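Written below as structure tokens is the structure these notes are about.
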Amino acid sequence: MNIKKTVTLCLLVASTQLAAFAHQQSISNASPKRCQAEQLIAHYEQTFGEHHEHANIATHNPNHNHNQAQQQKSTVQQLTLLRKGNRVAHYNPEQKVANIWYLNRHKQQQLTRVFERYQQGIEYQADELKAQQQWHYVRTLVDHALLASMSHQKASGAGCQRLEHYTLATATHEFQLQWLPALALPQSLVVTDKQTHQTSRLQLVDIEYGDKVVEQFTVWDALPTTDYADVGDNENNPFLAKMINQGFSGSPNAHAHHHH
Amino acid sequence: MYSRWMLRSLIASLLATSAHAAVLPEIQKSSAWYSNAEQVINTKLQQNTKDKAKNVILFVGDGMGISTLTAARILQGQMAGQSGEEGYLSFETFPYSAQVKTYNVDAQTPDSAGTMTAMISGVKTDVGVIGVDEDIERGNCATVKGNELVSAVELAEIRGLSTGVISTARITHATPAATYAKSADRNWEDVSDMPEAAAAGGCEDIASQLVNFEKNLEMRFPGIDVDGIEVAMGGGRRHFLPKDAAFNSADARSEVEGDRTDSRDLTAEWQATYEHGAYVMDKAGFDAIDPATATKVLGLFNESHMQYEADRANDIAGEPSLSEMTSKAIDILDNNDKGYLLVVESGRIDHGHHAGNAYNALNDTVEFAKAVQAAADATNPEDTLILVTADHSHVFTIAGYPKRGNPILGKVVAVGSDEPSLASDGMPYTTLGYTNGRGFADLGSETNADAIYGIDPNAGRKDITAVDTTTPGFHQETTIPLSSETHAGEDISLHAKGPGAHLAQGVVEQNVVFHLINQALGLLND
Numbered sequence: 055m056n057i058k059k060t061v062t063l064c065l066l067v068a069s070t071q072l073a074a075f076a077h078q079q080s081i082s083n084a085s086p087k088r089c090q091a092e093q094l095i096a097h098y099e100q101t102f103g104e105h106h107e108h109a110n111i112a113t114h115n116p117n118h119n120h121n122q123a124q125q126q127k128s129t130v131q132q133l134t135l136l137r138k139g140n141r142v143a144h145y146n147p148e149q150k151v152a153n154i155w156y157l158n159r160h161k162q163q164q165l166t167r168v169f170e171r172y173q174q175g176i177e178y179q180a181d182e183l184k185a186q187q188q189w190h191y192v193r194t195l196v197d198h199a200l201l202a203s204m205s206h207q208k209a210s211g212a213g214c215q216r217l218e219h220y221t222l223a224t225a226t227h228e229f230q231l232q233w234l235p236a237l238a239l240p241q242s243l244v245v246t247d248k249q250t251h252q253t254s255r256l257q258l259v260d261i262e263y264g265d266k267v268v269e270q271f272t273v274w275d276a277l278p279t280t281d282y283a284d285v286g287d288n289e290n291n292p293f294l295a296k297m298i299n300q301g302f303s304g305s306p307n308a309h310a311h312h313h314h
Numbered sequence: 015m016y017s018r019w020m021l022r023s024l025i026a027s028l029l030a031t032s033a034h035a036a037v038l039p040e041i042q043k044s045s046a047w048y049s050n051a052e053q054v055i056n057t058k059l060q061q062n063t064k065d066k067a068k069n070v071i072l073f074v075g076d077g078m079g080i081s082t083l084t085a086a087r088i089l090q091g092q093m094a095g096q097s098g099e100e101g102y103l104s105f106e107t108f109p110y111s112a113q114v115k116t117y118n119v120d121a122q123t124p125d126s127a128g129t130m131t132a133m134i135s136g137v138k139t140d141v142g143v144i145g146v147d148e149d150i151e152r153g154n155c156a157t158v159k160g161n162e163l164v165s166a167v168e169l170a171e172i173r174g175l176s177t178g179v180i181s182t183a184r185i186t187h188a189t190p191a192a193t194y195a196k197s198a199d200r201n202w203e204d205v206s207d208m209p210e211a212a213a214a215g216g217c218e219d220i221a222s223q224l225v226n227f228e229k230n231l232e233m234r235f236p237g238i239d240v241d242g243i244e245v246a247m248g249g250g251r252r253h254f255l256p257k258d259a260a261f262n263s264a265d266a267r268s269e270v271e272g273d274r275t276d277s278r279d280l281t282a283e284w285q286a287t288y289e290h291g292a293y294v295m296d297k298a299g300f301d302a303i304d305p306a307t308a309t310k311v312l313g314l315f316n317e318s319h320m321q322y323e324a325d326r327a328n329d330i331a332g333e334p335s336l337s338e339m340t341s342k343a344i345d346i347l348d349n350n351d352k353g354y355l356l357v358v359e360s361g362r363i364d365h366g367h368h369a370g371n372a373y374n375a376l377n378d379t380v381e382f383a384k385a386v387q388a389a390a391d392a393t394n395p396e397d398t399l400i401l402v403t404a405d406h407s408h409v410f411t412i413a414g415y416p417k418r419g420n421p422i423l424g425k426v427v428a429v430g431s432d433e434p435s436l437a438s439d440g441m442p443y444t445t446l447g448y449t450n451g452r453g454f455a456d457l458g459s460e461t462n463a464d465a466i467y468g469i470d471p472n473a474g475r476k477d478i479t480a481v482d483t484t485t486p487g488f489h490q491e492t493t494i495p496l497s498s499e500t501h502a503g504e505d506i507s508l509h510a511k512g513p514g515a516h517l518a519q520g521v522v523e524q525n526v527v528f529h530l531i532n533q534a535l536g537l538l539n540d
């Protein structure tokens, strides 16, 4: 894998936490009223760590039951995706952290991570975008290669309301995707691990259109930012000192459960 | 007339010297180690030192501690197919050197703002402040007035010398800023970085101070007539442009390149002030400058910092190297018969270390040494004092017992072995490492050290058995997890060549550097 892709994907995984497991639940009926794919706010709910069925694993580990019980607890997080032309933000309302990407005309991805609690942002180096797949993932929350490899099952509705159903079964996972092609967004994405029976779910809850997108980007743009290269020279800034000393990455789900 | 006692002593001394010389076996006297070292002393005995210089060039390697010099010289030699240890960086062959204490007035381990202020003004000050003394309260605009220091660059301008400031960091970054600005906070690079009270209180942001340098200096000292900094080149366009996409440069990486919230376009203001000056923002513009006729140059080659030398080829619009900027600056500045003062900073050595990436820190140090050599080649050693130093060190170590010629970026392979040595945990380890920072990452061919910031810190021991640690994208292991590797507090070195260079000796405070410049140029002479 291209090294720069690896770095970008690390940031993406940190922002969306799709590598966890939950079991299938009912799907929201939220759907777009208008086709405004380039300027919208999409609210998602992410569920991690639920079991589709109980795993039956024999173990002599005295901590096994405790661990298993912990693993079965699901985690629910909110994720808001904002689009405005070549800018896309992934916002975690609980952490109040936004990852804001900009695709410039040189096909570089510029990431700024805004920490609303500290009213400051951190700018990362522009990442050379050698493949459109990276931007596809940022913009749609679905990996381009995954979408291309899935089988189309059926479709319903038309125009902006068209909903396409895709599935994919690999040796290790099953994928079910309900895709809104007019918006290039998932209505839902469910990933099940065949071995552990754990699933993760990304569920569209609501979509907003209009000036609110512009207003939100304007608020974030007004915050002062620091190049990450300068963080190490700013131990006197309380926020940056916290970054230096505690090493928090600031990713929206940095403190969430990881179940890889 | 010798007394009898003195004659006896002289004869005894000559006999003893002869006897001592005879004691040396042939293998010792014929050893290249022996004769080469003897030649060093003989050369020093023949040195003819002068006190006064026409020109001074101050080179500052940001974060270039002693361990960085050692590792960079080995890497430089190994890149040339040699063992490495026996070589020298260009400035390490200079005849004089000193050991420099770097602490700030309020900090045991310093930062660039306080250290460069000391070097360029002769006064140590607090961490984080630019061109002001220790009575300043960081971040408090009201405490600036009355605490402003005068820099060697300002004094040189007043004496009619030409002046230049070059950096691979933003030209508004702490080290270059200390040559021309006064600021209660190093981060006040443009007006949007300042608290409202500071702007309302009459404090001027750093970028604006660069553009208004001539006007401000003439206001501070009524009656003087200066012509402004002749050459200023580096990164940092964002601090000179309005926060308006209409002002974006051709290679802007952000949607809106400029950060200024006061609608000022400082590049336009600079061009209006110096109508015959050349504002350039890419390699083509840089190459088009004719140093024989150029009188003023403002080069802003990147939105933020310029690229690491290893990553420079990836720049969209193209950037000059530090060597190229140094050579062109000298060619412009030496048009002034009165002489010049040029300050050159390699700003990204520091950033490579902060990212825990020895490859880029060392590669930029090697380029820095090339820039010093370019300066030495372009100047007359009889009239130009060249000083080469750092502002502070980093927690960067050369450890273990690798054999001679072992790749400096590689794993430790002991004398007599071809296999990496194993630590008590059964895993190999690298010669280079950091005490703190982000820790291990294997980013392969990635030439941008800052790519690490997209990955969570990964401190502690890792199994690097299958990892090629000599690649540009390898980030060394660390012990203490921090999200950015830190400066270190030990002394750094000063290397000197040319008139006045012989005064660089012993263990000195960092603010002595100013007095070396002043003594050589006679900046304060009536």
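Residue numbers (the numbering used here), protein chains in the order written: chain P, 55 to 314; chain G, 15 to 540.
The beta-carbon is built from N, C-alpha and C at its ideal position, and this holds for glycine as well.
Since this is a predicted model, take the numbers as computed values, not measurements.
State buried or exposed for residue i, treating a residue as buried only when at least 16 other CB atoms are found within 10 Å of its CB.
| i | result |
| --- | --- |
| Y415(G) | exposed |
| G536(G) | exposed |
| F315(G) | buried |
| P278(P) | exposed |
| W47(G) | exposed |
| H290(G) | exposed |
| L59(G) | exposed |
| M247(G) | buried |
| R87(G) | buried |
| F565(G) | Here chain G has residues from 15 to 540 only, and residue 565(G) is not among them. |
| N62(G) | exposed |
| Y102(G) | exposed |
Once the 5 residues before and after residue i are set aside, which same chain residues still bring their CB inside 6 angstroms of it?
| i | result |
| --- | --- |
| A212(G) | C155 |
| T101(P) | A76, S128, V130 and R255 |
| P305(G) | K342, D345 and I346 |
| A331(G) | A264, D265 and D296 |
| S176(G) | E244, L347, N350 and Y354 |
| Q533(G) | G514 |
Counting only Cβ pairs nearer than 8 angstroms, list the residues of chain P close to residue i.
| i | result |
| --- | --- |
| H489(G) | Here the premise fails: no neighbours, minimum Cβ distance about 12 angstroms. |
| G178(G) | Here the premise fails: no neighbours, minimum Cβ distance about 24 angstroms. |
| R152(G) | N290 |
Give me the chain G residues within the contact set of residue i, using Cβ-Cβ distance strictly less than 8 angstroms, ordered along the chain.
| i | result |
| --- | --- |
| V273(P) | Within 8 angstroms Cβ-Cβ: nothing; V273(P) doesn't reach chain G, min ~14 angstroms. |
Looking only at its chain, what residues have a beta carbon closer than 8 angstroms to the beta carbon of residue i, apart from the 5 residues adjacent to it on each side?
| i | result |
| --- | --- |
| D140(G) | N118, V119, D120, A121, G128, E148, I150 and R152 |
| P116(P) | For P116(P), the predicted model reports a pLDDT of 38, less than 50, meaning its position is unreliable; a value from the coordinates is still stated below. Excluding residues within five positions, none has a Cβ falling inside 8 angstroms. |
| S111(G) | S507, L508, H509, A510, A518 and Q519 |
Could you tell me which chain G residues have their CB closer than 7 angstroms to the CB of residue i, listed as they occur along the chain?
| i | result |
| --- | --- |
| N153(P) | The contacting residues do not exist; N153(P) stays about 10 angstroms from chain G at best. |
| G286(P) | H368, S498, E499 and T500 |
| Q164(P) | R267 and S268 |
| R255(P) | Going along chain G, no residue has its Cβ under 7 angstroms from R255(P), so there is no contact; the nearest lies around 24 angstroms. |
By Cβ distance below 7 angstroms, which residues in the same chain neighbour residue i in space, the five residues on each side in sequence not counted?
| i | result |
| --- | --- |
| S82(P) | Bear in mind that the predicted position of S82(P) carries a pLDDT of just 38, short of 50, making it unreliable; the figure below should be weighed with that in mind. Around S82(P): Q257, L258 and V259. |
| R475(G) | D439, M441 and E491 |
| A259(G) | E269 and V270 |
So which residues on chain P does residue i lean against when the C-beta distance must stay under 7 angstroms?
| i | result |
| --- | --- |
| D125(G) | D287 |
| G142(G) | N290 |
Chain G partners of residue i, CB-CB under 9 angstroms?
| i | result |
| --- | --- |
| H190(P) | Per Cβ cutoff of 9 angstroms: no residues; H190(P) is ~18 angstroms from chain G at best. |
Give me the chain P residues within the contact set of residue i, using Cβ-Cβ distance strictly less than 9 angstroms, ordered along the chain.
| i | result |
| --- | --- |
| I506(G) | Result: empty, since nearest Cβ-Cβ is about 16 angstroms, beyond 9 angstroms. |
Contiguous alpha helix (DSSP H) assignments of at least 4 residues, all confined to the region 304–352 of chain G:
For the region 304–352 of chain G, the continuous alpha helix (DSSP H) assignments of 4+ residues that do not extend past its boundaries occur at 336–347, in sequence order.
Count Cβ pairs between the region 279–289 of chain P and the region 174–181 of chain P that sit closer than 8 angstroms; are there 3 or more?
Flag = yes, the region 279–289 of chain P and the region 174–181 of chain P touch.
Cβ pair count under 8 angstroms reaching 3, the region 197–211 of chain G against the region 359–372 of chain G:
The region 197–211 of chain G is not in contact with the region 359–372 of chain G.
I'd like to know if the region 325–344 of chain G and the region 388–395 of chain G are in contact, where contact means that at least 3 CB-CB pairs between them fall below 8 angstroms.
Enough Cβ pairs lie closer than 8 angstroms, so yes.
Whole beta strand (DSSP E) runs in the region 238–286 of chain P with 3 or more residues, listed along the chain?
Counting whole runs of 3 or more residues, the region 238–286 of chain P contains the beta strand (DSSP E) stretches 239–247, 252–262 and 279–281.
Uninterrupted alpha helix (DSSP H) stretches inside the region 73–107 of chain G (no shorter than 4 residues)
For the region 73–107 of chain G, the continuous alpha helix (DSSP H) assignments of 4+ residues that do not extend past its boundaries occur at 80–93, in sequence order.
Give, in chain order, every unbroken run of the beta strand (DSSP E) that is at least 3 residues long and sits entirely within the region 448–490 of chain G.
Counting whole runs of 3 or more residues, the region 448–490 of chain G contains no beta strand (DSSP E) stretch at all.
Segments of 4+ residues assigned as alpha helix (DSSP H) that fall wholly inside the region 259–289 of chain G:
The alpha helix (DSSP H) runs lying completely inside the region 259–289 of chain G and spanning 4 residues or more are 280–287, given in chain order.
So does the region 149–161 of chain P actually touch the region 209–224 of chain P, counting three or more Cβ pairs closer than 8 angstroms?
Verdict: no, contact absent.
Taking only runs of the beta strand (DSSP E) that begin and end inside the region 175–207 of chain G, which ones reach a length of at least 3 residues, in chain order?
List check, beta strand (DSSP E) in window: 176–184.
Please determine if the region 128–138 of chain G and the region 519–528 of chain G are in contact, where contact requires at least 3 C-beta pairs separated by less than 8 angstroms.
Touching, per the Cβ criterion.
Residue ranges of each beta strand (DSSP E) within the region 109–149 of chain G, 3 or longer:
Those beta strand (DSSP E) runs which fall completely within the region 109–149 of chain G and span 3+ residues are 110–115.
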